Amino acid sequence: MNYQLIIGVESVVFCLLAISFFLYYRKVRKEADEFTSVLEQTEKIEERLAAAKQELNETRKSERELQKIVEGIKKEISATSQEKEIKLAETAQAVSNHSKAVQTLERSRSVIAEAKKSLDAIKKETLELQDLKKNADKVRTDIQNNTEFLGKLKKEIVKHETNSKDAKARLQEIMSRVDLYSRLEEFTACGHFDEPEYLYETSARFSEEIKITREKQKALLKSNSAITCPDSVSITSDPNADKKIISGQIDLMLTAFNIECDLLISRVKPSNFTRTLEQIEKLAAKLEKSASTLHCGFNTEYVRLKYEECKLQYQFRLKKEEEREEQRLINEQMREEVKAQKEYEKAIAEAEKEERMYRQLLDKAKESLTKANQEEQIILQLRIDDLEKQLAEAVDKEERAKSMAEQTRRGHVYIISNVGSFGKNVYKIGLTRRLDPIDRVNELGDASVPFKFDVHAIIHADDAPALEATLHREFKYRRVNSVNLRKEFFNVSLEEIKNAAEKIVGNDVEFTMSALAEEYYETRRLQQEMPM
Numbered sequence: 043m044n045y046q047l048i049i050g051v052e053s054v055v056f057c058l059l060a061i062s063f064f065l066y067y068r069k070v071r072k073e074a075d076e077f078t079s080v081l082e083q084t085e086k087i088e089e090r091l092a093a094a095k096q097e098l099n100e101t102r103k104s105e106r107e108l109q110k111i112v113e114g115i116k117k118e119i120s121a122t123s124q125e126k127e128i129k130l131a132e133t134a135q136a137v138s139n140h141s142k143a144v145q146t147l148e149r150s151r152s153v154i155a156e157a158k159k160s161l162d163a164i165k166k167e168t169l170e171l172q173d174l175k176k177n178a179d180k181v182r183t184d185i186q187n188n189t190e191f192l193g194k195l196k197k198e199i200v201k202h203e204t205n206s207k208d209a210k211a212r213l214q215e216i217m218s219r220v221d222l223y224s225r226l227e228e229f230t231a232c233g234h235f236d237e238p239e240y241l242y243e244t245s246a247r248f249s250e251e252i253k254i255t256r257e258k259q260k261a262l263l264k265s266n267s268a269i270t271c272p273d274s275v276s277i278t279s280d281p282n283a284d285k286k287i288i289s290g291q292i293d294l295m296l297t298a299f300n301i302e303c304d305l306l307i308s309r310v311k312p313s314n315f316t317r318t319l320e321q322i323e324k325l326a327a328k329l330e331k332s333a334s335t336l337h338c339g340f341n342t343e344y345v346r347l348k349y350e351e352c353k354l355q356y357q358f359r360l361k362k363e364e365e366r367e368e369q370r371l372i373n374e375q376m377r378e379e380v381k382a383q384k385e386y387e388k389a390i391a392e393a394e395k396e397e398r399m400y401r402q403l404l405d406k407a408k409e410s411l412t413k414a415n416q417e418e419q420i421i422l423q424l425r426i427d428d429l430e431k432q433l434a435e436a437v438d439k440e441e442r443a444k445s446m447a448e449q450t451r452r453g454h455v456y457i458i459s460n461v462g463s464f465g466k467n468v469y470k471i472g473l474t475r476r477l478d479p480i481d482r483v484n485e486l487g488d489a490s491v492p493f494k495f496d497v498h499a500i501i502h503a504d505d506a507p508a509l510e511a512t513l514h515r516e517f518k519y520r521r522v523n524s525v526n527l528r529k530e531f532f533n534v535s536l537e538e539i540k541n542a543a544e545k546i547v548g549n550d551v552e553f554t555m556s557a558l559a560e561e562y563y564e565t566r567r568l569q570q571e572m573p574m
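In our numbering, the protein residues as written are 43 to 574.
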């Protein structure tokens, strides 16, 4: 029995050595927390084995005591019955202790069996770890080869991009020339007023036309042809007095007509152009009626010249306003370009800074990789892969910012609304070249309007002005302001805008169909709660 116990103890010691040996391989595969878990299990097994050894020693001690008691019983067999009973009780207690020792031994054997199972599992996991290490070496080799191939591809891409930059620059230069005027094409196709005759001329042309018309009027006045009257009219018995009366009447009619026409023409605008022409006609008829007894009337050519002057003055004002709006548009676009350029430069600088940082970190990690042990190499390789990914993102961000800066027509078309300021189904369709188009939307929702704008869609386009102009033409008869085309608000449903945009750019556009208008609705709620 002692021999079997010694063999059991040796088996336990052998198992502990095997467990310690294979725990080393588990440490390579798993992280520190898994190693700690296995180590704790091993310590528990050791504690249980130590307890088993202690119980085994107690059992041996109990056996020796039992032998002594048996020998004492043999020697004292003739003792009194009371002493025999005492000895028998002690013997029973010793036998009970021996039974407990046997049970403890059985438990120790069970612990040893569990340890053997754990050892088999560790052996299996060790084999799997060895296979994983072989696969990791193969994957690392593939990654290195793919990285080299990717580097070659990047060099080829940079080479092709360099070759195409000149052509793109020339194309963008041509496209930028028409960029500022692309949104003015529809000016002649909408509005509540007649289309001006010289819309594509400068305002100086209208000034010259007005001067020519005024000279024609002066010529009629000098030739006394502005008003027609009979050669001889008998008013009094004195012919000279009759001539003075006629001459005075003509001067009075011309003075009243010219002064009143100058006043009317000076006030002409799109909303009263037709009414001004009617007032000129009524004025001529009224003055002719007042001189009907003298048979005096205006030359139709002179009245026609007044019509012509009024029309030219009207067109002149439209053209001046158009030029001012065009100049404001140019100035606004120049300011937008400056802001966009600053954003691009800032984004490029930040991307270059990130690129330098990631390259430095990557170089340090690669340098540490050559000096690290096998366990540290796995961690460093994961770190290198992550840094290479971040470096590629930084390079891509830098290239994207440079591309946006070089291409003057690339930008964003935004669709926004402001229910609290303009009501429902009124949307603004505009464009911006900012890197973050929301910055432009926030500028529009400044102190000039009581509530913030809600963004329904942001459409990125390589030719943003063309996309914006196409949408404007689609809804040109739904403009809120048909005179000032810089006011890019349209009385149209969002569903119609979405359908028009999808026809142009496809179904990739994401629309937010509902307007939050949080400030507006919260204001209404507070107003309703206020006491009357």
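Just so you know, even glycine gets a beta-carbon here, dropped at the ideal spot from N, CA and C.
This structure is a prediction, so every number in the text was calculated from the model and none was measured.
Inclusion of Leu422 and Ser410 in the CB contact set at 7 angstroms is warranted, their separation being smaller than that value. In this structure, Cys352 lies away from Thr316, with their beta-carbon atoms at least 7 angstroms apart. Under the DSSP definition of a beta bridge, Phe531 partners with Lys470. Ranked by Cα distance from Ile501, the first of Glu537, Phe553, Glu100 is Phe553. Counting along the chain, the unbroken alpha helix (DSSP H) around Ala506 starts and ends at 506 to 516. Note on the segment 364 to 427: there is no whole alpha helix (DSSP H) run with a minimum of 4 residues. Looking from the CA of Tyr562, the closest CA among Thr474, Lys86, Asp496 belongs to Asp496.
Per DSSP, Gly487 lies in no beta strand (DSSP E) and is assigned neither H nor E. Contact between the segment 248 to 265 and the segment 325 to 332 is not established, with fewer than three Cβ pairs separated by less than 8 angstroms.
Here Val491 is exposed, its C-beta having fewer than 16 other C-beta atoms within 10 Å. Inclusion of Phe493 and Gly462 in the CB contact set at 7 angstroms is warranted, their separation being smaller than that value. The straight-line gap separating the alpha-carbon atoms of Phe299 and Arg359 is approximately 22 angstroms.
Closest option to Glu251, judged by alpha-carbon separation, among Ile307, Ile287, Leu354: Leu354.
For Ser556, the secondary structure class from DSSP, reduced to helix, strand or coil, is coil. Just measuring C-alpha positions, the residue of Leu513, Ile301, Gln570 sitting nearest Val534 is Leu513. Taking C-alpha positions only, Glu113 is separated from Ile61 by approximately 45 angstroms. Under the three-state reduction of DSSP, Ala499 is assigned to strand. Pairing Glu516 with Asp293, the inter-Cα distance amounts to about 55 angstroms.
Glu365 has its alpha-carbon roughly 34 angstroms from the corresponding atom of Thr297. Counting every other CB atom within 10 Å of its CB across the protein chains shown gives Val380 a total below 16, marking it as exposed. Cβ neighbours of Ser313 within its own chain (closer than 6 angstroms, five residues either side excluded): none.
Only residues of its own chain outside the window of five on either side were considered, and among them Lys529, Phe531 have a CB closer than 8 angstroms to the CB of Asn523, listed in chain order. Secondary structure of Val455 (DSSP, three-state): strand. Take the alpha-carbon of Tyr519 and the one of Lys470: they are about 14 angstroms apart. By a beta-carbon distance limit of 8 angstroms, Asp504 does not contact Arg567. Their separation comes to about 44 angstroms. Per DSSP, Pro281 is one residue of the alpha helix (DSSP H) stretching across 281 to 308.
About 23 angstroms separates the Cβ atoms of Leu486 and Val547, ruling out a contact at the 8 angstroms cut-off. Within the same chain, Val551 come within 7 angstroms of Glu544 by CB-CB distance, once the 5 residues on both sides are set aside. Classified as exposed, Ala92 has fewer than 16 neighbouring CB atoms from the shown chains inside 10 Å of its CB. Look at Phe493 here: in three-state DSSP terms it is coil, with no helix or strand label.
In this structure, Ala434 keeps its C-beta atom at 7 angstroms or more from the C-beta atom of Glu397. Bridge pairing for Thr270: Gly339 [DSSP]. Separation of the CB atoms of Phe248 and Gln357 is rounded to 6 angstroms, and the pair is thereby assigned contact status at 8 angstroms.
Thr255 sits close to Glu350, with the two beta carbons spaced by under 7 angstroms.
Only exposed fits Arg346, as fewer than 16 other CB atoms lie within 10 angstroms of its CB.
Leu558 places its beta carbon 7 angstroms or farther from that of His498.
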